[in-house]
Amino acid sequence: MGHSHDHGHSKNKKALLIAFVLTTSFMIAEVIGGFVTNSLALLSDAGHMLSDAVSLALSLLAFKLGEKTATTAKTYGYKRVEMLAALCNGVVLIVISVYIFIEAIRRFKEPVEIASNGMLIIAVLGLLINILSAWILMRGGDVKGNLNLRSAFLHVLGDLLGSVGAIIAALCIKFFGWTAADAIASILVSILVIISGWRVTRDTVHILMEGAPQHINVEEVKNTLLNISVVKEVHDLHIWSVTSDFQVLTCHLIIKDNETQSVLKEATDVLKEKFHVEHVTIQVEIDGEFNHSETTCKV
């Protein structure tokens, strides 16, 4: 399992590195193009690409630090850095999108002339770069299971939507002279990105607060342990995530007979097989030999 986890991180890092190079290279061109064409949609997309570049760099750094071995001071190592990076990325997504939203509203009141031809060319190139980056992250990394990578992927997806919005706006300006399309496209994309940023931020805070993993039903875990023949009671049951793909469980089991080793093996096996929890710590107590009434922490 450890080898598989390391291999997954290696694929995630490679995908992030390629996406980082692509994003950073085109971001510079898009910033220049945005100022030359005077397009807010392009500048908003460039702003998202800047946040993407920072996001991808943070995610790469988080994966690198997460590989450092545990110490006596940091017994889980630096794995939580991934969650801090995901939190930063989620907040940055929201902040940049809110700024673009406000700027787009201002553009309605103070419209500016936009060079639609240049805007269209840059937006199409941006779309191609974003599609390639998104494809690399989806194909080469775990964008569903790893929150750190998912937060970086959402940055790229936000840029992809921004490019689509910029293309539509450029076409509307070119063929119909409708300059408001630039601001409208910026507003719509900003709203979508704000929603995505909020979801990543919410999920990351849940993990940092050591909430139970969303895919694990705590009551179902408890009932599964109680189904072990010699287990009489389960208490002090705690389940949390160190990172989005590293779950931890601790509990106390009160058993009827002195069959500690067999019940430990059966409990850890069922937790790994049914709930995919690899890091399990169980304290076994013989019924009647330990007074747990004063120390029990109810679930």
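Take the sequence shown: its position 160, counted from the start at 1, is 160 in UniProt numbering, and no numbers get skipped. Virtual Cβ for every residue (Gly too), placed ideally from N, Cα, C. In this text the structure is predicted, and so the values were computed from the model without any measurement.
8 Å contact criterion, which residue i and residue j should meet: CB distance rounded
{"i": "T201", "j": "P111", "result": "Contact flag wrong, Cβ pair sits at about 33 Å."}
{"i": "A86", "j": "L147", "result": "5 Å"}
{"i": "L60", "j": "L127", "result": "About 24 Å separates the two Cβ atoms, so there is no contact after all."}
{"i": "V156", "j": "A134", "result": "5 Å"}
{"i": "M253", "j": "L271", "result": "At residue 253 the sequence reads Leu, which differs from the Met that was named. Wrong, their Cβ atoms sit about 11 Å apart, outside the cutoff."}
{"i": "A212", "j": "A185", "result": "40 Å between Cβ atoms; not a contact."}
{"i": "D159", "j": "D52", "result": "6 Å"}
{"i": "T75", "j": "M49", "result": "Actually they are not in contact, since the Cβ atoms of T75 and M49 sit about 38 Å apart, beyond 8 Å."}
{"i": "S97", "j": "I194", "result": "5 Å"}
{"i": "A181", "j": "I173", "result": "6 Å"}
{"i": "E210", "j": "W240", "result": "4 Å"}
For residue i, the first and last residue of its enclosing beta strand (DSSP E)
{"i": "K232", "result": "231–243"}
{"i": "T250", "result": "246–255"}
{"i": "E285", "result": "279–286"}
Whole-angstrom distance between residue j and residue i, CA atom to CA atom
{"i": "A70", "j": "Y78", "result": "7 Å"}
{"i": "G2", "j": "I286", "result": "Bear in mind that a pLDDT of 48 at G2, under 50, signals an unreliable position, so the number given afterwards is only what the model happens to contain. One C-alpha to the other measures close to 33 Å."}
{"i": "H7", "j": "I102", "result": "Reliability fails at H7, whose pLDDT of 49 lies under 50, so the model's placement of it is uncertain and the value that follows must be treated cautiously. About 43 Å."}
{"i": "N258", "j": "H276", "result": "27 Å"}
{"i": "F108", "j": "A29", "result": "26 Å"}
{"i": "L249", "j": "K256", "result": "22 Å"}
{"i": "K13", "j": "L58", "result": "11 Å"}
{"i": "V280", "j": "L93", "result": "35 Å"}
{"i": "V242", "j": "G33", "result": "42 Å"}
{"i": "V221", "j": "D236", "result": "13 Å"}
{"i": "L125", "j": "Q214", "result": "38 Å"}
{"i": "residue 305", "j": "W198", "result": "In this structure the chain extends from 1 to 299, so residue 305 is not present and cannot be described."}
{"i": "G177", "j": "V164", "result": "18 Å"}
{"i": "A267", "j": "V205", "result": "30 Å"}
Option in the options with minimal Cα separation from residue i
{"i": "I131", "options": "I102, L161, E67", "result": "L161"}
{"i": "V36", "options": "S244, K256, G118, F153", "result": "G118"}
{"i": "K64", "options": "Y99, W198, R80, V193", "result": "R80"}
{"i": "N251", "options": "S244, L264, V21", "result": "It is Cys, not Asn, that sits at residue 251 in the sequence shown. Minimum Cα distance to C251 is reached at L264."}
{"i": "S190", "options": "G288, R139, I105", "result": "I105"}
{"i": "L208", "options": "S97, D182, M83", "result": "M83"}
{"i": "S39", "options": "G288, T260, A115, V21", "result": "A115"}
{"i": "F175", "options": "D245, F26, L120", "result": "L120"}
{"i": "Q283", "options": "A152, Y99, T260", "result": "T260"}
N- and C-terminal bounds of the alpha helix (DSSP H) containing residue i
{"i": "V205", "result": "180–208"}
{"i": "V95", "result": "81–109"}
{"i": "I270", "result": "In the sequence as displayed, the identity of residue 270 is Val instead of Ile. Segment 260–275, the alpha helix (DSSP H) holding V270."}
{"i": "S163", "result": "147–176"}
{"i": "E67", "result": "Where E67 is concerned, there is no enclosing alpha helix (DSSP H), given that its DSSP letter is neither H nor E."}
{"i": "T224", "result": "218–226"}
Residue i CB to nearest heavy atom of the ligand FAD below 7 Å
{"i": "K144", "result": "Absence of the ligand FAD from the depicted structure is noted, as is the absence of any ligand whatsoever, leaving it without description."}
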